[in-house]
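What follows is a set of notes on a single structure, which appears directly below.
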Amino acid sequence: MQMESVGKEEDNRCQDPDGVGDGGGPDPGNGSAGGGGGGGGGGGGGGGRRNEETSENSSWGTAESGRDHITSLPDDVLLHILWFLGDAKSVFHFAATCQVFYRLLPRVPVLVFKDSMLESKFDVDDVVTSAVLKSRELAHLVLERGPDPLKSCSRTAVQSWMIHTYASLTELSICAPLKPGTMNDILICTSMCCRRLMMLDITPPLTDEIQELDWMILKTCEPHACLRALRLSMVGFGQGEEEGGDQAAGGGGGLGELLSLFPWLECLHVVFFTGLIRTSVVSSELRKLCVGVPMNPNAEPWGKRIVVDAPQLTEASFFRIQKFRLTKHTNPMSMVAYDCRDLKFSLWSDRLSVLHLHQQNGEGRKWHVIELIALFMLYRHTLVDLHLYLDFWDSDGPTEDILTESFFLQGFPLLEVLHVKHFGLATLLQGLQPSESVFNGANLRELWLCVTLMFCTTSFIKIFLTCCPKLEKVVVELKDGDWEYEMGLQGITQLQKEYPILDLRFVS
């Protein structure tokens, strides 16, 4: 292995047992590897470098002494330095130039490997395995690679890393292409070997192969008591779950099975491609949940249905899930629903402070105006961050009056961020503005609106500029399409001169 050859070479080059010799240590002036001429000893190393040596000697001692103050530090101090370095580039650099750091490699607690740190000519499995197998106290291992399938991590290599570090590893993050079946092996090794692991992040690129999970084997594994955070992508849930499949023997695996395998999870983030038809998420410990299907031709169009029963849940995010439901015991503070086809207004929580609702044009269910009214009235006292991108049915006179009352007059006393990026919805609110400039949003700091430019647009935007004294950012996207465009253009341009924070963006 590369590291073994480096070690043998350094054993021959560094005669000093502390790794201190005549030019054998790193150059403290620039941090680069010091060769035979890097120190100050010898007649051939003087000349043009006299000034540099003089400045270095003032901080690091005389060049004639040949002593490197870094390598002469106690091992505990050097390990403390390695804690702050915390990446494989620094460890490999010092290992190649200084025997004492190479000697400390078995005690290094953190190794990070990234594309910028590994030369392309080296096999990623060999480099990582060489370093990992020399470690005895490795707690954190991070590997980040690009989407090149020729540099995928093999199943054998990943297994060897986890088996060797089973007694010390607490965090494992692999963001790199994986051979098929590797994710399944990692979950098995986590359950059987790495019983101290607390954070597991296996997120291959979305262009990689789908990682099918074998629930016939995973169901036989003993539940893991330490894992608190699990993040997976490119997941294939096999043939999918039928109704009640989480509990039924022989049913397909899914989110429920993951929580059975790791019952103490507090954070679960899963990006799946296939197989999730109907599932239940039941947990007394879960605090953050994110489930989604990517917009990828190899993935299913939408996940079918998820029911969440998690009393401790604070954050819930759903991406391209056709339908989801929160039980009455589930009371999150933050909820994101992106491109959920059957999204309906619901009593999601009585403490909801962050709410992001987004639907693709023409693909999601249209909302009724009465649902918007209920949303504004129910969450007006708790919302701090509100993002809306919703299509809706045409309204009538009575509902429009109530919508004006709920949005402008009652307002949102705690709201700090408001984004309404659906042109139809923002234009509807623009047309319902009251005759007086009233908006109850004293804490609003950021506003983003997408409206059709009309004569009344200037007064609509001015309501927020005058009624929200804490505003720091105002972005207004203006679209043509109305005969009043030219009439509104002059007024909105003048308003921008009066309020420099107003950022106008014209879209076609």
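Everything in the sequence shown is counted per UniProt numbering, starting at 1 for the first residue and increasing by one.
No residue lacks a Cβ here, since even glycine has one placed at the ideal position from N, Cα and C.
Those residues which DSSP pairs with Glu477 across a bridge: What you label residue 477 is simply residue 477 of the sequence shown in a count that begins at 1. According to DSSP, Glu477 bridges with Cys450, Arg505.
Span of the alpha helix (DSSP H), counted from its first residue to its last, around His381: Position 381 of the sequence shown holds residue 381. Counting along the chain, His381 falls outside any alpha helix (DSSP H), and DSSP gives it neither H nor E.
Under 8 Å between C-beta atoms of Phe283 and Ala310: On the sequence shown, residue 283 is found 283 positions in, with the first residue counted as 1. On the sequence shown, residue 310 is found 310 positions in, with the first residue counted as 1. Correcting the residue identity first, residue 283 is Ser in this sequence and not Phe. Closer than 8 Å, so yes.
Limits of the unbroken alpha helix (DSSP H) element including Glu266: Against the sequence shown, residue 266 aligns to sequence position 266. Note, Glu266: premise wrong, no alpha helix (DSSP H); not H, not E.
Cys290, enclosing beta strand (DSSP E) - first and last residue: For this step, residue 290 is matched to residue 290 along the sequence shown. From DSSP, the beta strand (DSSP E) with Cys290 extends over 288 to 292.
Contacting residues, own chain, Cβ-Cβ under 6 Å from His387 (five flanking each side not counted): Here residue 387 refers to the residue found at position 387 of the sequence shown. Hits under 6 Å: His356, His419.
Between the CA atoms of His358 and Gly364 - distance to the nearest angstrom: Position 364 of the sequence shown, counting from 1, holds the residue named residue 364. Position 358 of the sequence shown, counting from 1, holds the residue named residue 358. So the alpha carbons of these two residues sit roughly 9 Å apart.
Through-space distance from Arg278 to Leu403, alpha-carbon basis: Residue 403 sits at position 403 when you count from the first residue of the sequence shown. Residue 278 sits at position 278 when you count from the first residue of the sequence shown. Roughly 36 Å between the two C-alpha positions.
Limits of the beta strand (DSSP E) - the one that Glu315 falls within: Counting from 1 along the sequence shown, the entry for residue 315 is found at position 315. Looking at the DSSP string, the run of the beta strand (DSSP E) that includes Glu315 is 315 to 319.
Between the CA atoms of Thr466 and Glu498 - distance to the nearest angstrom: In the sequence shown, the residue the question calls residue 498 occupies position 498. In the sequence shown, the residue the question calls residue 466 occupies position 466. Their Cα atoms are separated by approximately 11 Å.
Leu495 versus Phe273 - alpha carbon distance: Position 495 of the sequence shown, counting from 1, holds the residue named residue 495. Position 273 of the sequence shown, counting from 1, holds the residue named residue 273. So the two alpha carbons sit approximately 48 Å from each other.
Inter-residue Cα distance where the pair is Asn361 and Phe423: Within the sequence shown, residue 361 is the residue found at index 361, counting from 1. Within the sequence shown, residue 423 is the residue found at index 423, counting from 1. Going by the C-alpha atoms only, they are around 11 Å apart.
Closest Cα partner of Thr207 within the set Gly146, Leu213, Met198: On the sequence shown, position 207 is the one that residue 207 refers to. Taking only the C-alpha atoms, the option nearest Thr207 is Gly146.
Contact belief for Ala157 with Asp201 at Cβ below 8 Å, rounded distance in angstroms: In the sequence shown, counting from the first residue as 1, residue 157 sits at position 157. In the sequence shown, counting from the first residue as 1, residue 201 sits at position 201. Contact doesn't hold; Cβ gap of about 17 Å is too wide.
8 Å Cβ cutoff met for Pro177 and Ser152: As a first step, residue 177 is located in the sequence shown; it is residue number 177 there, counting from the start. As a first step, residue 152 is located in the sequence shown; it is residue number 152 there, counting from the start. Taking 8 Å as the Cβ cut-off, Pro177 and Ser152 qualify as a contacting pair.
Where Lys304 falls: helix, strand or coil (DSSP): On the sequence shown, position 304 is the one that residue 304 refers to. Three-state result, Lys304: strand.
Terminal residues of the beta strand (DSSP E) in which Ala229 lies: Your numbering for residue 229 matches position 229 in the sequence shown. Element bounds for Ala229: 229 to 236.
Reduced DSSP secondary structure (H/G/I, E/B, other) of Pro28: Taking the sequence shown and counting its residues from 1, one reaches residue 28 at position 28. Residue confidence for Pro28 is low, a pLDDT of 34 falling below 50, so the modelled location carries little weight and cannot support an answer.
N- and C-terminal bounds of the alpha helix (DSSP H) containing Val336: Looking up residue 336 in the sequence shown gives position 336. Run containing Val336: none in the alpha helix (DSSP H); it sits in the beta strand (DSSP E), 334 to 338.
Whole beta strand (DSSP E) elements within the stretch 357 to 414, 3-residue minimum: 385 to 389
Beta-carbon gap between Thr314 and Met335 smaller than 8 Å: Here residue 314 refers to the residue found at position 314 of the sequence shown. Here residue 335 refers to the residue found at position 335 of the sequence shown. Not closer than 8 Å, so no.
Beta-carbon gap between Leu218 and Ile188 smaller than 8 Å: As a position in the sequence shown, residue 218 is number 218, starting the count at 1. As a position in the sequence shown, residue 188 is number 188, starting the count at 1. Yes, these two residues count as a Cβ contact at 8 Å.
Alpha-carbon spacing of Val307 relative to Ser160, whole angstroms: Locating residue 307 in the sequence shown gives position 307, counting from the first residue. Locating residue 160 in the sequence shown gives position 160, counting from the first residue. Computed Cα separation, rounded: 38 Å.
CA-to-CA distance, Val291 to Pro263, given in whole angstroms: The residue given as residue 263 occupies position 263 in the sequence shown. The residue given as residue 291 occupies position 291 in the sequence shown. Taking the straight line from one Cα to the other gives about 17 Å.
Same chain, Cβ closer than 6 Å to Ile174, five either side skipped, listed in chain order: Taking the first residue of the sequence shown as 1, we reach residue 174 at position 174. Within the same chain, Ile174 has close Cβ partners Leu143, Ile202.
Pairwise C-alpha distance: Lys421 and Phe506: Here residue 506 corresponds to residue number 506 of the sequence shown, with the count starting at 1. Here residue 421 corresponds to residue number 421 of the sequence shown, with the count starting at 1. Their Cα atoms are separated by approximately 14 Å.
Same chain, Cβ closer than 8 Å to Trp393, neighbours up to 5 away in sequence not counted: For this step, residue 393 is matched to residue 393 along the sequence shown. Here the set comprises Lys366, Trp367, His368, Val369.
Selected residue, minimal CA-CA separation from Leu261, among Arg107, Leu276, Leu213, Val476: The count along the sequence shown starts at 1 and reaches residue 261 at position 261. Taking only the C-alpha atoms, the option nearest Leu261 is Leu213.
Residues bridged to Arg325 (per DSSP): The residue given as residue 325 occupies position 325 in the sequence shown. DSSP, once it has assigned bridges, lists Val307 as partnering Arg325.
Spatial neighbours of Thr327 in its chain, beta-carbon cut-off 6 Å, leaving aside the 5 residues before and after: Residue 327 sits at position 327 when you count from the first residue of the sequence shown. Asp309, listed in sequence order.
Proximity to Glu416 [Cα-Cα], best of Leu471, Ser349, Leu232: Translated into positions along the sequence shown, residue 416 becomes position 416. Of Leu471, Ser349, Leu232, the residue nearest in Cα terms is Leu471.
Bounding residues of the alpha helix (DSSP H) (the contiguous stretch that carries His419): Numbered from 1 along the sequence shown, position 419 holds the residue referred to as residue 419. Segment 417 to 420 is the beta strand (DSSP E) holding His419; no alpha helix (DSSP H) there.
Limits of the unbroken beta strand (DSSP E) element including Ile202: Numbered from its first residue, the sequence shown carries residue 202 at position 202. Residues 199 to 202.
Same chain only: Cβ atoms within 6 Å of Ser395, ignoring 5 sequence neighbours per side: Reading the sequence shown from its first residue, position 395 is the one you call residue 395. Excluding positions up to five away in sequence, the list reads Val369.
Same chain, Cβ closer than 7 Å to Tyr485, five either side skipped, listed in chain order: Taking the first residue of the sequence shown as position 1, residue 485 is located at position 485. So the qualifying residues of the chain are Leu453.
CB-CB length for Pro180 against Leu138, believed under 8 Å: The residue labelled residue 180 in the question sits at position 180 within the sequence shown. The residue labelled residue 138 in the question sits at position 138 within the sequence shown. Their Cβ separation, rounded to whole angstroms, is 27 Å, which puts Pro180 and Leu138 out of contact at 8 Å.
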